[in-house]
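Colleague: One structure, as structure tokens, below. Some questions next.
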Amino acid sequence: MDDADARWMAPLPEAGRTYTARRLVRLGDVSPKGRLRLDAVARYLQDVATDDAVDAGLEGALAWVVRRTVIRVERPARFREPLTVTTFASGYGRSWAERRTVLRGEHGAAVDAAALWVSVDPASGRPKPLDEGFVRVYGEAVGGRRVRARLSHPDATPGLDRAPWPFRFADFDALEHVNNAVYWAVVEEHLARRPDLAPPYTVEVEHRHAVERDHDVAVVAGAESDGGLWVWVVDADPAAGERVHASARLWPGLS
Numbered sequence: 003m004d005d006a007d008a009r010w011m012a013p014l015p016e017a018g019r020t021y022t023a024r025r026l027v028r029l030g031d032v033s034p035k036g037r038l039r040l041d042a043v044a045r046y047l048q049d050v051a052t053d054d055a056v057d058a059g060l061e062g063a064l065a066w067v068v069r070r071t072v073i074r075v076e077r078p079a080r081f082r083e084p085l086t087v088t089t090f091a092s093g094y095g096r097s098w099a100e101r102r103t104v105l106r107g108e109h110g111a112a113v114d115a116a117a118l119w120v121s122v123d124p125a126s127g128r129p130k131p132l133d134e135g136f137v138r139v140y141g142e143a144v145g146g147r148r149v150r151a152r153l154s155h156p157d158a159t160p161g162l163d164r165a166p167w168p169f170r171f172a173d174f175d176a177l178e179h180v181n182n183a184v185y186w187a188v189v190e191e192h193l194a195r196r197p198d199l200a201p202p203y204t205v206e207v208e209h210r211h212a213v214e215r216d217h218d219v220a221v222v223a224g225a226e227s228d229g230g231l232w233v234w235v236v237d238a239d240p241a242a243g244e245r246v247h248a249s250a251r252l253w254p255g256l257s
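Under the working numbering, the letters of the sequence shown match residues 3 to 257, in that order.
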């Protein structure tokens with residue numbers, strides 16, 4: 003099966019490996035009104051993915067870089083809500099794999115995510131084909147579904163205002179670049195300026211070029227024709243070109 007729709011959320015597999023963890027929504031994960039923020043959801047995704055790999059005996063076997071993540075918020079989790087977080091592999095290609103994560107809360111929270119991760123060589127950073135160990139562990143759950151790694155977001159729309167965005171030391175992870183969850187904090191900053199945008203909604207973030215230390219970036223944002231939101235993280239100096247490091251699109255609804 004070849005599924006080209008990156009926003010399609012694969013259902014829980016009838017057979018094959020799944021991994022479930024428990025989370026309690028903490029104070030540092032929520033907005034001033036108690037909603038579980040998108041950047042906190044992104045951290046949950048990467049943490050449960052790591053825990054799954056460790057539990058499966060694959061820790062250190064592969065290094066992964068996120069390429070694209072879609073988060074669909076039907077009903078957001080709230081402060082102190084206990085969550086069940088279930089993750090599984092839902093597709094793969096030559097050097098990449100899609101990981102689905104299902105978050106359900108005891109008070110009704112319903113959040114779904116699909117993240118595309120690229121397998122890379124830790125030394126060179128180049129894409130590395132998936133090995134037999136990965137297929138042995140996750141192949142049954144995947145069920146033969148193939149996914150593509152191609153990105154689809156456009157470059158930043160010309161003429162929109164741009165604002166400097168200083169990344170902090172705490173935003174950089176062990177790979178020495180801005181952690182993928184931090185880009186979701188940029189989305190949250192602009193979402194806070196749009197009180198008309200309330201769940202249910204879907205957000206897709208694409209990652210093109212990593213941001214390393216001492217790299218100056220700016221944020222460009224604009225409204226979408228469907229009432230949604232576009233956000234781009236670009237080089238701060240326009241004279242250097244409009245290289246996009248990451249981009250995000252938020253649109254109302256779950257489709």
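Ideal Cβ placement from N, Cα and C applies to all residues, glycine included.
By the 10 Å Cβ neighbour count, where 16 or more other Cβ atoms means buried, how is L14 classified, buried or exposed?
Modeller: Burial call: exposed.
Colleague: Using the C-alpha atoms, what's the distance from E214 back to R152?
Modeller: Cα-Cα distance, rounded: 23 Å.
Colleague: Out of A58, R170, E142 and R70, state which residue places its alpha-carbon closest to the alpha-carbon of H155.
Modeller: Checked all of A58, R170, E142 and R70; the closest Cα to H155 is R70.
Colleague: Determine which residues share a DSSP beta bridge with A91 and list them.
Modeller: In DSSP, A91 forms a bridge with R101.
Colleague: Would you say the stretch 126–135 touches the stretch 180–191, given that touching needs at least three Cβ pairs under 8 Å?
Modeller: Result no; under three Cβ-Cβ pairs closer than 8 Å.
Colleague: With DSSP as the reference, please indicate the residues paired to Y203 in a beta bridge.
Modeller: In DSSP, Y203 forms a bridge with V75 and P254.
Colleague: Inspect the CB distances between the stretch 231–251 and the stretch 156–168 and report whether three or more fall short of 8 Å.
Modeller: Because the criterion of three Cβ pairs below 8 Å is met, the stretch 231–251 and the stretch 156–168 touch.
Colleague: Which of the three DSSP states is assigned to R96 in this structure?
Modeller: Residue state, collapsed to three classes: coil.
Colleague: Here's the rule I'm using: 16 or more other beta-carbon atoms within 10 Å means buried, otherwise exposed. How should L118 be labelled?
Modeller: Under this definition L118 is a buried residue.
Colleague: Measuring straight from C-alpha to C-alpha, what distance separates L162 and H211?
Modeller: Cα-Cα distance, rounded: 21 Å.
Colleague: Hey, R25 and L85: beta-carbon distance below 7 Å or not?
Modeller: Result yes, Cβ atoms of R25 and L85 sit closer than 7 Å.
Colleague: Classify F171 as buried or exposed, calling it buried when 16 or more other Cβ atoms lie within 10 Å of its own Cβ.
Modeller: Exposed, because fewer than 16 other Cβ atoms sit within 10 Å of the Cβ of F171.
Colleague: Considering only C-alpha positions, which residue in the set W66, V32 and I73 is nearest to A176?
Modeller: Comparing Cα-Cα distances from A176 to each of W66, V32 and I73, the minimum goes to W66.
Colleague: So is D31 buried or exposed if we call it buried at 16+ other beta carbons inside 10 Å?
Modeller: The residue is buried, with at least 16 neighbouring Cβ atoms inside 10 Å.
Colleague: To which residues of the same chain is D157 closer than 7 Å at the C-beta, ignoring the five residues directly before and after it?
Modeller: So the list reads E244 and V246, once near-sequence residues are dropped.
Colleague: Residue range of the beta strand (DSSP E) that G224 falls in?
Modeller: Run containing G224: V219 to A225, per the beta strand (DSSP E) assignment.
Colleague: Quick one: what's G107 bridged to in DSSP?
Modeller: Its beta-bridge partners are L85.
Colleague: Going by Cα to Cα distance, which pick from A248, Y94 and V180 is closest to R138?
Modeller: The residue with the shortest Cα to Cα distance from R138 is Y94.
Colleague: Leaving out five residues before and five after R251 in sequence, what residues of the same chain have Cβ atoms less than 6 Å from its Cβ?
Modeller: For R251, where only same-chain residues beyond five positions count, the Cβ hits under 6 Å are E206 and W232.
Colleague: Leaving out five residues before and five after L60 in sequence, what residues of the same chain have Cβ atoms less than 8 Å from its Cβ?
Modeller: Here the set comprises G135, F136 and V139.
Colleague: Helix, strand or coil, according to DSSP, for T22 in the structure here?
Modeller: Reduced to three states, the DSSP call for T22 is strand.
Colleague: What's the C-alpha gap between D53 and L193?
Modeller: The alpha-carbon atoms of D53 and L193 are separated by roughly 30 Å.
Colleague: What are the boundary residues of the beta strand (DSSP E) that L118 is part of?
Modeller: L118 -> beta strand (DSSP E) spans A112 to V122.
Colleague: Sorted by chain position, which residues of the same chain lie with C-beta nearer than 7 Å to L40's C-beta, five sequence neighbours on each side aside?
Modeller: Answer for L40: I73, W186, V189, E190 and V205, listed in chain order.
Colleague: Keeping to the same chain, check which residues put their C-beta closer than 6 Å to that of S92; ignore five residues upstream and five downstream.
Modeller: So the qualifying residues of the chain are A12, E100 and R102.
Colleague: If you run the structure through DSSP and keep just helix, strand and coil, what is D198?
Modeller: Coil, per DSSP.
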